[in-house]
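Residue numbers (my numbering): 1065 to 1155. Positions of the beta carbon are idealized from the N, C-alpha and C atoms, including for glycine. A short write-up of the structure that comes next.
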């Protein structure tokens, strides 16, 4: 088992335009690519992009964790190229 890495999911740009229920089911895929994908409620496809943090962000729960990256999402169409395919790259 390797080291764990915690990532904060940023949906601020999306929530300004679309109402996302707090209990909506979601799936994440491609977390090992430059542009991970999140599908919310099986209907809404979002494309993500990792943003390195400056310093360390802290997340508090029963166990303390440090965040090293923020995963910022936007509508998948915003990352589509001219051919209509979403850009992905392996790390």
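- Message: Nearest by alpha-carbon distance to residue 1090: which of 1106, 1113, 1136 and 1096 is it?
- Response: As a position in the chain shown, residue 1090 is number 26, starting the count at 1. Taking only the C-alpha atoms, the option nearest residue 1090 is 1106.
**Item:** Top-ranked residue by Cα proximity to residue 1119, from 1133, 1110, 1087 and 1112
**Value:** Counting from one through the chain shown, the residue named residue 1119 turns up at place 55. Ranked by Cα distance from residue 1119, the first of 1133, 1110, 1087 and 1112 is 1133.
- prompt: To the nearest angstrom, how far is it from the Cα of residue 1110 to the Cα of residue 1117?
  reply: In the chain shown, the residue the question calls residue 1110 occupies position 46. In the chain shown, the residue the question calls residue 1117 occupies position 53. The alpha-carbon separation between residue 1110 and residue 1117 amounts to approximately 21 Å.
N-terminal and C-terminal residue of the beta strand (DSSP E) that residue 1078 is part of:
As a position in the chain shown, residue 1078 is number 14, starting the count at 1. First-last for residue 1078: 1076-1079, but that is the alpha helix (DSSP H), not the beta strand (DSSP E).
Exercise for review: Would you give the residue range spanned by the beta strand (DSSP E) that residue 1093 belongs to?
Suggested key: To locate residue 1093, count along the chain shown from 1; it is residue 29. Bounds of the beta strand (DSSP E) holding residue 1093 are 1090-1093.
Short of 6 Å in beta carbon distance, which residues of its chain neighbour residue 1138, apart from the five on each side in sequence? Order them along the chain. The sequence position of residue 1138 within the chain shown is 74, counting from 1. Result list for residue 1138: 1077, in chain order.
At which residues does the beta strand (DSSP E) containing residue 1104 begin and terminate?
As a position in the chain shown, residue 1104 is number 40, starting the count at 1. Residues 1101-1104.
- Query: If we call anything under 8 Å between Cβ atoms a contact, is residue 1135 one with residue 1083?
  - Reply: Residue 1135 sits at position 71 when you count from the first residue of the chain shown. Residue 1083 sits at position 19 when you count from the first residue of the chain shown. Against a cut-off of 8 Å, the Cβ pair of residue 1083 and residue 1135 comes out as no contact.
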